[in-house]
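*Asks:* Please read through the structure below; I'll follow up with questions.
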Amino acid sequence: MATLRVLRRIWLSVREDACAILMDAPCALQWTGRGQPSIETDRECNVLLGCPVLSCKSADSMLSLNKRHFSVLERVLMEPKKQFQSKHEDLLVDEAYRKLEEMIVTAELKPGSIVSETEVANHLGLGRTPVREAFKKLVNTHLVQFLPRKGILIRVVSVDELLLQMEPRQALETLVIGRATRYAIEEERNRLRELAGQYTQITENWSPAVEALRVDDEFNHLICRACRNPFLADALLPLHAMARRQYYCNYFLDKELTRKVNNSHVKLMLAIADGTVEQAKRENDELLENVRQFNSMSLSTWFPDVSIQLY
Numbered sequence: 002m003a004t005l006r007v008l009r010r011i012w013l014s015v016r017e018d019a020c021a022i023l024m025d026a027p028c029a030l031q032w033t034g035r036g037q038p039s040i041e042t043d044r045e046c047n048v049l050l051g052c053p054v055l056s057c058k059s060a061d062s063m064l065s066l067n068k069r070h071f072s073v074l075e076r077v078l079m080e081p082k083k084q085f086q087s088k089h090e091d092l093l094v095d096e097a098y099r100k101l102e103e104m105i106v107t108a109e110l111k112p113g114s115i116v117s118e119t120e121v122a123n124h125l126g127l128g129r130t131p132v133r134e135a136f137k138k139l140v141n142t143h144l145v146q147f148l149p150r151k152g153i154l155i156r157v158v159s160v161d162e163l164l165l166q167m168e169p170r171q172a173l174e175t176l177v178i179g180r181a182t183r184y185a186i187e188e189e190r191n192r193l194r195e196l197a198g199q200y201t202q203i204t205e206n207w208s209p210a211v212e213a214l215r216v217d218d219e220f221n222h223l224i225c226r227a228c229r230n231p232f233l234a235d236a237l238l239p240l241h242a243m244a245r246r247q248y249y250c251n252y253f254l255d256k257e258l259t260r261k262v263n264n265s266h267v268k269l270m271l272a273i274a275d276g277t278v279e280q281a282k283r284e285n286d287e288l289l290e291n292v293r294q295f296n297s298m299s300l301s302t303w304f305p306d307v308s309i310q311l312y
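So in this note's numbering the end of the sequence shown lands on 312, straight run, no missing numbers.
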């Protein structure tokens, strides 16, 4: 009788398109590979879990479900598992993206070189699929280019491109910084003050460029999160990737200019943390002016553009 009540409850849920009820319930779906699909309930499981335990066992002693009906239930009950797998794959893509971006920004993957998905996947210890998806996302940064039957080109970015991307970057950053200054929570403001302290220490000690690069990257992601607008964040972050490679490669070429850029970052962080919108916008304008000077130092003497030889 208990089995019939559970079956009726589940069937009514499907019939009335209330599948969300099943998705929210903690259900166990087991497979034995034999027999017809069926439902088995256990009083103790119902008490502990508040739900039926579904299994595919022989139907000799239990009430069988119609295959068509069970397929509907199967899709509903397995949906959380598919969502979990999808989230896991997204995490792998994010991990691959972060590692690849740092390898490109720090010139570990030298501009002008051509790499393959297999080589990079083996180096990172990841599968080819997340690496491929990460490269596709990196196309938006203009740092990589897919070459049919050749591989993936790590692009040489010209000074013209660096200066052109400053125009949309300034417009987007003005919006992001204004919103982040208003909407950042206390935890984010405290972290901004910590990052400002780290940036000051790195600049005073003239620490390796990669340390400044990582603080800058966390700052960029933090303000994009604090602005509470994912559309702005998705538009701005790819522009930061190109600027960060220039920042890293030219870090020691002009120490005085590098210090100005770093100190501008520190003042901007503190203004956002203090919630002073107009001051934050002024500090950002000063930072971008220093960045324009920084971008004027060409990379062409470091990394000649060999892409011309590919065609």
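Where is the CB? At the ideal position from N, CA and C, for every residue including glycine.
#1: Below 8 Å on the Cβ atoms is my guess for F295 versus L258; work out the distance and round it to an integer in Å.
#2: Work out the CA separation of K137 and G198 for me, nearest whole Å.
#3: Measure the C-alpha to C-alpha separation of G276 and Y184 and round it to an integer number of angstroms.
#4: Suppose you measure from the CA of N141 to the CA of I273; what does that come to, to the nearest Å?
#5: Confirm, please, whether the CB-CB distance from I155 to K100 is below 8 Å.
#6: Express the C-alpha separation of L237 and H222 in angstroms, rounding to a whole number.
#7: Just verifying my parser: in three-state terms, what is the DSSP assignment at G126?
#8: Beta-carbon within less than 8 Å of T182's beta-carbon, same chain only, minus the 5 sequence neighbours each way: which residues are those?
#9: Just to confirm the assignment, what range does the beta strand (DSSP E) spanning I153 have?
#10: So if DSSP puts L240 in a beta bridge, which residue, or which two residues, is it bridged to?
#11: Could you round the C-beta distance between M298 and L254 to whole angstroms and report it? I think they count as a contact, below 8 Å.
#12: How far does the beta strand (DSSP E) with Q146 in it reach, from first residue to last?
#13: Determine the burial state of P131: buried for a count of at least 16 other Cβ atoms within 10 Å of its Cβ, exposed for fewer.
#14: Beta carbon of N285, beta carbon of E174: below 8 Å?
#15: Locate the alpha helix (DSSP H) running through N221, then write down its first and last residues.
#16: Using the Cβ count rule (16 or more neighbours within 10 Å means buried), how would you classify V267?
#17: Closer than 7 Å: is that where the CB of P239 sits relative to any heavy atom of the ligand MN?
#18: Rounded to the nearest angstrom, how far is the Cβ of W133 from that of T119, given a contact under 8 Å?
#19: According to DSSP, is V116 helix, strand or coil?
#20: Could you have a look at T107 and say whether DSSP puts it in helix, strand or coil?
#21: Check whether the Cβ atoms of L144 and R246 lie closer than 8 Å to each other.
#22: Could you check the C-alpha separation between T204 and E195 for me, to the nearest Å?
#23: Per DSSP, what kind of secondary structure is Y252 in: helix, strand or coil?
#24: Where does I273 fall in DSSP's three states?
#25: If L93 and L139 are in contact, beta carbons under 8 Å, what's the gap, nearest whole angstrom?
#26: Looking only at its own chain, which residues have a Cβ that is under 7 Å from the Cβ of L193, when we skip the five neighbours before and after it?
#27: Would you say Y200 and A210 are within 8 Å of each other, going by their C-beta atoms?
#28: Reducing DSSP to helix, strand and coil, say where I178 ends up.
*Replies:* With the structure as the only source:
#1: Contact holds; Cβ gap of about 6 Å.
#2: A direct Cα-to-Cα measurement between G198 and K137 gives close to 35 Å.
#3: Linking G276 to Y184 through their CA atoms gives a straight-line distance of about 9 Å.
#4: One C-alpha to the other measures close to 28 Å.
#5: Going by C-beta atoms, K100 is not nearer than 8 Å to I155.
#6: Approximately 10 Å between the Cα atoms of the pair.
#7: Looking at G126 - three-state DSSP - the assignment turns out to be coil, as it is neither helix nor strand.
#8: Excluding residues up to 5 positions away in sequence, A272, I273, G276, T277, V278, A281 lie with their Cβ nearer than 8 Å to the Cβ of T182 in the same chain.
#9: Counted as a single uninterrupted DSSP element, the beta strand (DSSP E) harbouring I153 occupies residues 152–155.
#10: BP columns for L240 are empty, so no partner.
#11: About 6 Å separates the two Cβ atoms, so the contact holds.
#12: For Q146, the enclosing beta strand (DSSP E) starts and ends at 145–148.
#13: With 16 or more other Cβ atoms within 10 Å, it is buried.
#14: In contact: N285 and E174 (Cβ atoms closer than 8 Å).
#15: From DSSP, the alpha helix (DSSP H) with N221 extends over 210–227.
#16: The residue in question, V267, is buried, as its Cβ has 16 or more Cβ neighbours within 10 Å.
#17: This structure simply doesn't include the ligand MN, nor any ligand for that matter.
#18: Checking the sequence shown, residue 133 turns out to be Arg, not Trp. 10 Å between Cβ atoms; not a contact.
#19: Reduced to three states, the DSSP call for V116 is strand.
#20: For T107, the three-state secondary structure derived from DSSP is coil.
#21: Yes; because the gap between Cβ atoms is below 8 Å, this pair is in contact.
#22: Rounded to whole angstroms, T204 and E195 show a C-alpha spacing of 14 Å.
#23: DSSP places Y252 in coil when its eight states are reduced to three.
#24: When DSSP states are grouped into helix, strand and coil, I273 belongs to the helix group.
#25: So it is not a contact: roughly 15 Å between Cβ atoms.
#26: Excluding sequence neighbours, L193 sits near L223, M270, I273, A274.
#27: The answer is no: Cβ separation not under 8 Å.
#28: It is helical.
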